[in-house]
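Heads up: the structure comes next, in structure tokens.
Numbering (my numbering), first residue to last: 543 to 661.
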């Protein structure tokens, strides 16, 4: 799987990854035996993905391009904030349906059995 590192903690060697399939975010928890890649926000990486206890876990991260998507997390956050502000919290507008008046000939049509029904 490919993904972009959105957040990382170099000291703890943890990272949050946005996956190419746009599913749930993946968490990368490197231990001392996994020597190699220091992940930074904006890095494009390839990794192995597993689901452990309903959580996506990335392992064996490999750097594809360093810093290729710098600022992506900030841009996503800004777009999400803007979209959240645009959401209307009004209730639904209920439009009553009224039967047309019997004296309005344009509001009625003929059925096959010659009776009239509202349009």
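Note that CB positions come from ideal geometry on N, CA and C, so glycine has one too.
Remember, predicted model here, so these are calculated numbers, not experimental data.
Q. Is DSSP giving residue 604 helix, strand or coil here?
A. Indexing the chain shown from 1 puts residue 604 at position 62. Three-state DSSP puts residue 604 in a strand.
Q.
Using 8 Å for Cβ pairs, my map puts residue 570 next to residue 600. What's the rounded Cβ distance?
A. For the purposes of this step, residue 570 is identified with residue 28 of the chain shown, where counting begins at 1. For the purposes of this step, residue 600 is identified with residue 58 of the chain shown, where counting begins at 1. The pair is a contact, with the Cβ atoms about 4 Å apart (cut-off 8 Å).
Q: Answer with buried or exposed for residue 585, where buried requires no fewer than 16 other C-beta atoms within 10 angstroms of its C-beta.
A: Counted from its first residue, the chain shown places residue 585 at position 43. Buried: at least 16 other Cβ atoms inside 10 Å.
Q. To the nearest angstrom, how far is it from the Cα of residue 582 to the Cα of residue 572?
A. In the chain shown, the residue the question calls residue 582 occupies position 40. In the chain shown, the residue the question calls residue 572 occupies position 30. Each residue's alpha carbon lies about 13 Å from the other.
Q: Let me know the secondary structure DSSP gives residue 567 once reduced to three states.
A: Counted from its first residue, the chain shown places residue 567 at position 25. Coil, per DSSP.
Q. Identify the residues that DSSP records as bridge partners of residue 598: which are they?
A. Taking the chain shown and counting its residues from 1, one reaches residue 598 at position 56. Beta-bridge pairing links residue 598 to 568 and 593.
Q: Determine the burial state of residue 550: buried for a count of at least 16 other Cβ atoms within 10 Å of its Cβ, exposed for fewer.
A: Here residue 550 refers to the residue found at position 8 of the chain shown. The residue in question, residue 550, is buried, as its Cβ has 16 or more Cβ neighbours within 10 Å.
Q: Go ahead and pull the three-state DSSP assignment for residue 548.
A: Numbered from 1 along the chain shown, position 6 holds the residue referred to as residue 548. Strand at residue 548.
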